[in-house]
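The block underneath contains the structure these notes are about, expressed in structure tokens.
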Amino acid sequence: MVDLRTRIDLAVRWLERTQKSDGQGGAGWGWVDDVPPNPQNTAEVVCAVHAVCSLGPRAGEMASPTGGVLPHTEEQPPTVREVLPRADEVITLLRRRSVRHGTQPWEFDEPIDTAWRLRALLVLGVPHDDPDVERAARQLRATQNSESGGWGFSGATDPDTESITVTTAVLHALAAVTPTDEASAACVRSGVGFLVRAYREDAFEGPAMASTALIVSVLSLPECAALGGRRARRVVSSGVRTLLGLLRGGGDRVEEETFARGPLLHSWRHLGLHLAVAAVATAEPKAVLDPVLRESLIELLDLQETAQAHVRTGGFRTSRHGPFASYATTIALEAMVATQRALLTHINPGEALDLFCRTDGRHHTDGRRIVGWGRHGVVLNSYAGSLFALLTGAAGATIMLMSIAFTTAQNKAGMRALLIWGMAVLAIGAYIALITRLPAVPSARIYAGVFTTLTAIAIPVITFMLSS
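Using our numbering, you'd call the opening residue of the sequence shown number 3 and step up by one each time.
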């Protein structure tokens with residue numbers, strides 16, 4: 003049975019393999035393979051690996067720069083700097099505010115870029131009085147809208163440019179410096195107020211699931227919760243319920259937000275499923291036993307490549323047919339870490355058994371959703387699937403044999419209809435039998451296999467019989 007720790011290990015190893023040099027003394031990650039390393043995506047990876055390290059002992063076994071196992075104890079888990087390959091080169095890249103992309107400079111000096119760089123530098127052990135850390139904190143404080151408390155992509159203080167995405171990223175970064183910086187603490191307090199008002203007034207436009215997930219995640223931070231008080235706690239509780247409702251509804255979870263970077267317009271693709279699972283598991287640990295969150299976690303794990311011989315082993319897709327991306331993998335890591343922490347600290351081990359069985363190690367006797375609409379669906383296990391296959395097999399064979407009675411010229415149309423009908427019944431029975439017997443295989447692969455077999459074998463037979 004493959005558990006969450008194994009899935010976490012696979013994801014970290016994939017990130018380790020996809021690290022690239024920027025050719026200028028730095029190393030890091032891009033959003034996808036053909037995007038050069040940049041400070042923002044690199045910072046996302048650093049923060050995700052930091053979350054993994056917080057789990058304790060096995061974190062040191064996942065990614066050692068020397069290929070060995072790092073020494074550690076339960077009380078002293080490995081640090082990000084010990085686990086992360088080429089950590090000094092990563093810090094070099096994070097200190098940059100622009101990188102070369104072909105022949106053009108690629109600027110990473112907007113508030114969201116600065117926030118991610120600040121957060122990553124701090125978790126890598128860079129001291130608070132470091133010039134780059136102090137400069138980043140000052141820049142973030144200066145670009146906050148003093149009236150509303152929010153931040154925008156461009157750094158302008160115009161309320162029309164404010165963004166939940168940017169504000170939550172900045173608050174996450176500044177929360178780390180609030181214990182030693184009163185000015186940053188005041189900014190965080192104002193920013194928390196902005197998020198509370200935005201949620202209550204439903205003031206954010208665009209990605210509803212992603213915005214709610216980001217708000218819940220940030221307001222769950224101890225620093226933000228302390229500054230936000232009862233208002234923040236109520237928003238978190240309401241946000242968790244909202245996210246569970248959105249997850250239950252299904253549908254496309256990839257949402258887009260348009261923003262300007264300089265004179266160009268860009269589109270930010272928010273991975274709603276990844277963000278929502280991470281937010282709910284972080285804010286309400288006991289919700290990992292909620293059927294909706296469990297099904298969503300399974301759906302998320304299905305986006306990870308687990309085949310050992312695959313070049314992408316360990317990486318996560320942005321969606322079922324989307325590309326493998328460091329961004330998708332880092333958010334999925336945070337979701338798995340939050341779930342694992344909840345299982346270890348908040349959940350009775352006996353209650354967690356079903357969750358482990360229903361991930362990649364689920365048993366064929368467990369029920370599997372065959373078809374559904376909204377919150378309703380048809381669930382069968384392998385026994386019911388086998389019985390269904392026997393019944394449809396008998397029905398399909400009977401229907402096809404009946405076509406023999408329509409072999410006369412006057413009944414050609416009837417024979418054709420019966421042949422096609424019988425073959426369709428057999429195909430449906432085979433699909434149901436396979437999907438219930440092989441719970442670890444994605445339903446899309448089973449459907450493709452049945453369709454391919456039907457096309458390669460059944461169609462030629464039907465064509466021959468129709469032409470005879």
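Heads up, the beta-carbon is just placed ideally off N, CA and C, and yes, glycines get one too.
Item                                                                                                                                                              : Value
Taking residue 118 as part of the alpha helix (DSSP H), name the residues at either end of that continuous run.                                                   : 113-125
Can you tell me whether residue 420 is buried or exposed? The criterion is at least 16 other CB atoms within 10 Å of its CB, across all chains shown.             : buried
Note the first and the last residue of the continuous alpha helix (DSSP H) segment covering residue 16.                                                           : 6-19
Scan the segment 382-406 and note each continuous alpha helix (DSSP H) run of 4 residues or more that stays entirely inside, going in chain order.                : 384-404
Could you give the DSSP three-state label for residue 309: helix, strand or coil?                                                                                 : coil
For the candidate residues 392, 36, 407, 302, whose alpha-carbon lies nearest to that of residue 13?                                                              : 302
Looking at the unbroken alpha helix (DSSP H) that takes in residue 423, where does it start and where does it end?                                                : 414-439
Could you check the C-alpha separation between residue 390 and residue 430 for me, to the nearest Å?                                                              : 9 Å
In whole angstroms, what separates the C-alpha of residue 107 from that of residue 101?                                                                           : 6 Å
Is DSSP giving residue 38 helix, strand or coil here?                                                                                                             : coil
Let's test the definition: count the other Cβ atoms within 10 Å of the Cβ of residue 154 and tell me whether it reaches 16, buried, or not, exposed.              : buried
What are the boundary residues of the alpha helix (DSSP H) that residue 471 is part of?                                                                           : No answer is possible for residue 471: the residues shown for the chain start at 3 and end at 470.
Could you pull the DSSP bridge partners for residue 258 from this structure?                                                                                      : 271
Would you mind sorting residue 318 into buried or exposed? The rule is 16 or more other CB atoms within 10 Å of its CB.                                           : buried
Taking contact to mean 3 or more Cβ pairs, one atom from each stretch, closer than 8 Å, check whether the segment 390-401 and the segment 339-347 are in contact. : no
Kindly indicate which residue of 454, 370, 385 has the alpha-carbon position closest to the one of residue 442.                                                   : 370
Cβ atoms of residue 330 and residue 315: under 8 Å apart, would you say?                                                                                          : no
Grab the span of the alpha helix (DSSP H) containing residue 336 for me, first residue to last.                                                                   : 328-347
Using 10 angstroms around the beta-carbon of residue 93, count the other beta-carbons present and answer buried if the total reaches 16, otherwise exposed.       : buried
Would you kindly work out how many angstroms separate the C-alpha atoms of residue 136 and residue 58, rounded to a whole number?                                 : 30 Å
Helix, strand or coil for residue 110, going by three-state DSSP, please let me know.                                                                             : coil
In the DSSP assignment, what are the bridge partners of residue 155?                                                                                              : DSSP lists no partner for residue 155.
Assign residue 80 to one of two classes, buried (16 or more other C-beta atoms within 10 Å of its C-beta) or exposed (fewer than that).                           : buried
Looking at the secondary structure, which residues open and close the alpha helix (DSSP H) in which residue 319 lies?                                             : First-last for residue 319: undefined, no H or E at that position.
On the three-state DSSP scale, how would you describe residue 457?                                                                                                : helix
Any idea if residue 110 is buried or exposed, counting beta-carbon neighbours within 10 angstroms, 16 or more meaning buried?                                     : buried
What would DSSP say about residue 238, mapped onto helix, strand or coil?                                                                                         : helix
So, is residue 179 buried or exposed, given that buried needs 16 or more other C-beta atoms within 10 angstroms?                                                  : buried
Let me know if residue 26 comes out buried or exposed under the rule of 16 or more other beta-carbons within 10 Å of its beta-carbon.                             : exposed
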